[in-house]
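All remarks here apply to the structure that follows.
Protein chains: 2
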Amino acid sequence: MENTRILLVDDEPDVLDFLSYNLKKEGYEVFTASDGKSAIQTAKKVLPNLIILDVMMPEMDGIEACKELRNLPETKNALIVFLTARTEDYSQIAGLDAGADDYISKPLKPRVLISRIHALLRRRIQPDGHLGVVDVGGGIKINKESYTVSAAGEELSLPKKEFELLSLLASKPGKVFSREDILHKIWGEDVVVGDRTIDVHIRKLRQKLGEEKIKTLKGIGYKFEF
Amino acid sequence: MENTRILLVDDEPDVLDFLSYNLKKEGYEVFTASDGKSAIQTAKKVLPNLIILDVMMPEMDGIEACKELRNLPETKNALIVFLTARTEDYSQIAGLDAGADDYISKPLKPRVLISRIHALLRRRIQPDGHLGVVDVGGGIKINKESYTVSAAGEELSLPKKEFELLSLLASKPGKVFSREDILHKIWGEDVVVGDRTIDVHIRKLRQKLGEEKIKTLKGIGYKFEF
DNA sequence: TTAATCATTAAGAAATTGTTAAGCCCTGTT
DNA sequence: AACAGGGCTTAACAATTTCTTAATGATTAA
Chain A
6 MENTRILLVD DEPDVLDFLS YNLKKEGYEV FTASDGKSAI QTAKKVLPNL
56 IILDVMMPEM DGIEACKELR NLPETKNALI VFLTARTEDY SQIAGLDAGA
106 DDYISKPLKP RVLISRIHAL LRRRIQPDGH LGVVDVGGGI KINKESYTVS
156 AAGEELSLPK KEFELLSLLA SKPGKVFSRE DILHKIWGED VVVGDRTIDV
206 HIRKLRQKLG EEKIKTLKGI GYKFEF
Chain B
6 MENTRILLVD DEPDVLDFLS YNLKKEGYEV FTASDGKSAI QTAKKVLPNL
56 IILDVMMPEM DGIEACKELR NLPETKNALI VFLTARTEDY SQIAGLDAGA
106 DDYISKPLKP RVLISRIHAL LRRRIQPDGH LGVVDVGGGI KINKESYTVS
156 AAGEELSLPK KEFELLSLLA SKPGKVFSRE DILHKIWGED VVVGDRTIDV
206 HIRKLRQKLG EEKIKTLKGI GYKFEF
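Listed in order, the protein sequences are those of chains A and B. Each residue of the first sequence is one higher than the last, beginning at 6 in the working numbering. Each residue of the second sequence is one higher than the last, beginning at 6 in the working numbering.
Shown next as structure tokens:
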């Protein structure tokens with residue numbers, strides 16, 4: 006979700022603002038364009054995962070734009086959603102015909118919009134993503150599907166933060182992660198937690214996995230040893 | 006194709022006869038109903054792979070029926086196609102909204118009808134084995150046909166939501182399903198229910214199956230243990 | 001040595017889930 | 001039409017787990 010780019014295309018600034026605000030609040034990266042032509046330009050640059058297209062627009066309408074976008078290698082596989090006024094019946098069909106993945110009727114309710122978008126993205130993101138079990142060496146296996154870690158035969162289920170911390174460190178054994186890295190990746194950009202918090206979680210992992218698995222480099226960070 | 010069951014629903018006997026004849030000729034097993042309500046009854050019994058629904062019908066129109074059918078576990082995954090007169094534009098939209106997979110305009114040309122149906126059925130490679138009974142381990146068997154679960158010898162019949170919840174969790178034992186996952190898969194994309202609803206259903210399942218079968222991972226989700 | 005950095009521990013905050021009972025809606029019945 | 005019953009949801013509060021903090025001790029690099 007952090008890396009999901011959405012391109013909004015509508016000729017009414019009000020609509021752009023409204024959607025933009027709501028989508029950003031959900032953590033998406035949002036770009037905008039006000040007509041079909043500039044939408045295509047922008048799309049080529051930012052490579053959006055999802056494009057929300059108003060059907061009625063000057064210059065080039067949404068349906069035309071959609072067909073174009075489906076032909077460009079950069080945007081061929083993006084999700085495309087149409088925005089349509091509830092009365093423009095035919096356009097909805099035409100939209101699906103033009104290669105859109107969904108359509109959403111105005112007037113828009115933020116809840117509905119967000120949940121449809123989540124749904125679409127969830128469906129699509131799956132393909133590559135995560136393998137179930139990762140063997141990180143040192144007799145330790147991490148299973149992201151069952152949220153479970155097996156160390157030396159024992160199968161233990163870690164609390165969320167510990168699991169994330171271990172996953173992070175073990176994602177690149179030998180690499181040193183600075184405290185700052187760790188904070189950003191696990192707690193997020195603007196969360197503020199005290200200095201000792203990480204240590205405490207490290208401690209618990211050491212208790213559960215053995216003292217030698219995670220090594221401290223003073224003043225630099227932590228690393229997972231194989 | 007031999008085992009493909011099609012349910013035809015239309016209030017005009019002529020149309021039923023006409024379609025029935027053409028579909029049977031192609032080797033499909035055909036059932037009929039003349040209104041929405043009886044369509045649902047029949048569908049529960051025959052578990053059709055494809056349902057062809059006229060939009061305009063007495064008692065319960067096709068759109069209503071479609072929504073119902075999408076909510077029943079027995080027919081949730083069936084293909085649903087609407088029949089609409091060419092003039093009723095809006096019904097097409099509403100149909101897709103209600104969860105239909107395609108729509109076909111009257112008047113019908115048998116060739117066209119048959120080839121669309123072939124195409125639809127070809128695309129859908131039966132989701133899961135559709136076998137009646139699935140043994141999910143832990144001494145628990147789920148029978149999707151009779152809507153029944155047997156745990157440790159006991160045979161118990163679960164209410165819909167509980168059954169769906171168990172089916173979902175047990176569909177991949179060991180995998181953690183987040184509350185969001187569960188909500189979307191069982192309640193649908195934009196249905197909003199309170200936070201405690203899932204817990205309550207989980208609770209009832211635990212009462213019936215035993216406390217150890219479903220495990221909570223706080224902040225992450227639930228998983229079914231084998 | 002000394003200042004900075006990290007480890008350890010226990011306590012309590014915060015977040016999440018469990019539990020219960022009550023209400024609503026639908027269905028079938030009297 | 002009134003009623004009974006089951007299923008689903010909600011709301012309030014309890015219980016639990018996880019996370020964070022704070023205080024103190026240990027370690028290390030300069």
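A virtual CB, placed ideally from N, CA and C, is assigned to each residue, including glycine.
Hey, quick one: how far does the alpha helix (DSSP H) through B/S155 stretch, first residue to last? Translated into positions along the second sequence, residue 155 of chain B becomes position 150. First-last for B/S155: 153-156, but that is the beta strand (DSSP E), not the alpha helix (DSSP H).
Beta carbons nearer than 8 Å to chain A: which residues of the region 188-218 of chain B have them? H189, E194, D195, V197
For A/T221, count neighbouring C-beta atoms within 10 Å of its own C-beta (all shown protein chains included) and say buried if the count is 16 or more, exposed if not. For this step, residue 221 of chain A is matched to residue 216 along the first sequence. A/T221 is exposed by the Cβ-count criterion.
With 7 Å as the threshold, decide whether the Cβ of B/L84 is near any Cβ in chain A. Looking up residue 84 of chain B in the second sequence gives position 79. No, B/L84 lies away from the interface with chain A (no Cβ there is under 7 Å from its Cβ).
Element boundaries [alpha helix (DSSP H), containing A/N27]: On the first sequence, residue 27 of chain A is found 22 positions in, with the first residue counted as 1. Where A/N27 is concerned, the enclosing alpha helix (DSSP H) stretches over 18-30.
If I measure Cβ to Cβ from A/D4 and keep anything under 7 Å in the same chain, skipping five residues before and after, which residues do I get? Lying before the first or after the last residue shown, residue 4 of chain A is absent from chain A, which here runs from 6 to 231.
Label A/K218 either buried or exposed according to how many other C-beta atoms from any shown protein chain fall within 10 Å of its C-beta, with 16 as the threshold for buried. The count along the first sequence starts at 1 and reaches residue 218 of chain A at position 213. A/K218 comes out buried.
Shorter than 7 Å from the beta carbon of A/S151 to some beta carbon of chain B? Within the first sequence, numbered from 1, the residue matching residue 151 of chain A stands at position 146. At least one chain B Cβ lies under 7 Å of A/S151.
8 Å CB neighbourhood of B/S183 in its chain, flanking five on each side removed: Indexing the second sequence from 1 puts residue 183 of chain B at position 178. So the list reads I225, G226, once near-sequence residues are dropped.
For a test of the three-state rule: what should DSSP assign to A/G41, helix, strand or coil? One-based indexing of the first sequence puts residue 41 of chain A at position 36. Helix.
Helix, strand or coil at A/E230 [DSSP, three-state]: Here residue 230 of chain A is taken as the residue at index 225 of the first sequence, counted from 1. A/E230: coil per DSSP, three-state reduction.
I want to verify the contact list: residues of chain A whose CB lies under 8 Å from the CB of B/V181, in sequence order. Residue 181 of chain B sits at position 176 when you count from the first residue of the second sequence. By Cβ distance, chain A contributes E150, S151, Y152.
Please report how far the alpha carbon of B/L24 lies from the alpha carbon of B/I57, in whole angstroms. Counting from one through the second sequence, the residue named residue 24 of chain B turns up at place 19. Counting from one through the second sequence, the residue named residue 57 of chain B turns up at place 52. Cα-Cα distance, rounded: 10 Å.
Under a three-way DSSP split, which group does A/K220 fall into? Residue numbering aside, residue 220 of chain A sits at position 215 when the first sequence is read from its first letter. Note: A/K220 maps to strand in three-state DSSP.
Against B/K228, what residues of chain A qualify as contacts under a CB-to-CB distance less than 7 Å, listed in chain order? Walking along the second sequence from the start, residue 228 of chain B turns up at place 223. Within chain A, the residues near B/K228 are S151.
Can you have a look at A/F231 and say buried or exposed, based on whether 16 or more other CB atoms are within 10 angstroms of its CB? Numbered from its first residue, the first sequence carries residue 231 of chain A at position 226. Result: exposed.
Integer-rounded CB distance, given that A/L12 should sit under 8 Å from A/P53: One-based indexing of the first sequence puts residue 53 of chain A at position 48. One-based indexing of the first sequence puts residue 12 of chain A at position 7. That pair is a contact at about 4 Å.
Suppose the cutoff is 6 Å on Cβ atoms and the five residues either side in sequence are ignored; what does the same chain contact list for A/Y33 look like? If you number the first sequence from 1, residue 33 of chain A lands on position 28. Around A/Y33: T9, I11.
Given A/E31, which residues of its chain have a CB within under 7 Å of its CB, disregarding the five upstream and five downstream residues? Translated into the one-based positions of the first sequence, residue 31 of chain A becomes position 26. Taken in chain order, the residues that qualify are I119.
Should B/Q131 be labelled buried (16 or more other beta-carbon atoms within 10 Å of its own) or exposed? Taking the first residue of the second sequence as position 1, residue 131 of chain B is located at position 126. Caution applies to B/Q131, whose pLDDT of 38 falls short of 50 and renders its modelled position unreliable; the value that the coordinates give is listed next. When all chains shown are included, B/Q131 counts as exposed.
Determine, using beta-carbon pairs with one atom in the region 13-21 of chain B and one in the region 35-52 of chain B, whether at least three such pairs fall under 8 Å. yes
Taking the alpha-carbon positions, what's the B/N27 to B/L174 distance? The sequence position of residue 27 of chain B within the second sequence is 22, counting from 1. The sequence position of residue 174 of chain B within the second sequence is 169, counting from 1. If you take the alpha carbons of B/N27 and B/L174, they lie about 41 Å apart.
Straight-line CA distance for B/G4 to B/I85? Past the boundaries of the shown model lies residue 4 of chain B; chain B is included only from 6 to 231, so the question cannot be answered.
Are there 16 or more other CB atoms within 10 angstroms of the CB of B/L210, so buried, or fewer, so exposed? Numbered from 1 along the second sequence, position 205 holds the residue referred to as residue 210 of chain B. Buried, because 16 or more other Cβ atoms sit within 10 Å of the Cβ of B/L210.
Nearest chain A C-beta to B/D133 closer than 7 Å, yes or no? Taking the second sequence and counting its residues from 1, the one referred to as residue 133 of chain B is at position 128. Reliability fails at B/D133, whose pLDDT of 39 lies under 50, so the model's placement of it is uncertain and the value that follows must be treated cautiously. False, the Cβ-Cβ gap to chain A never drops below 7 Å.
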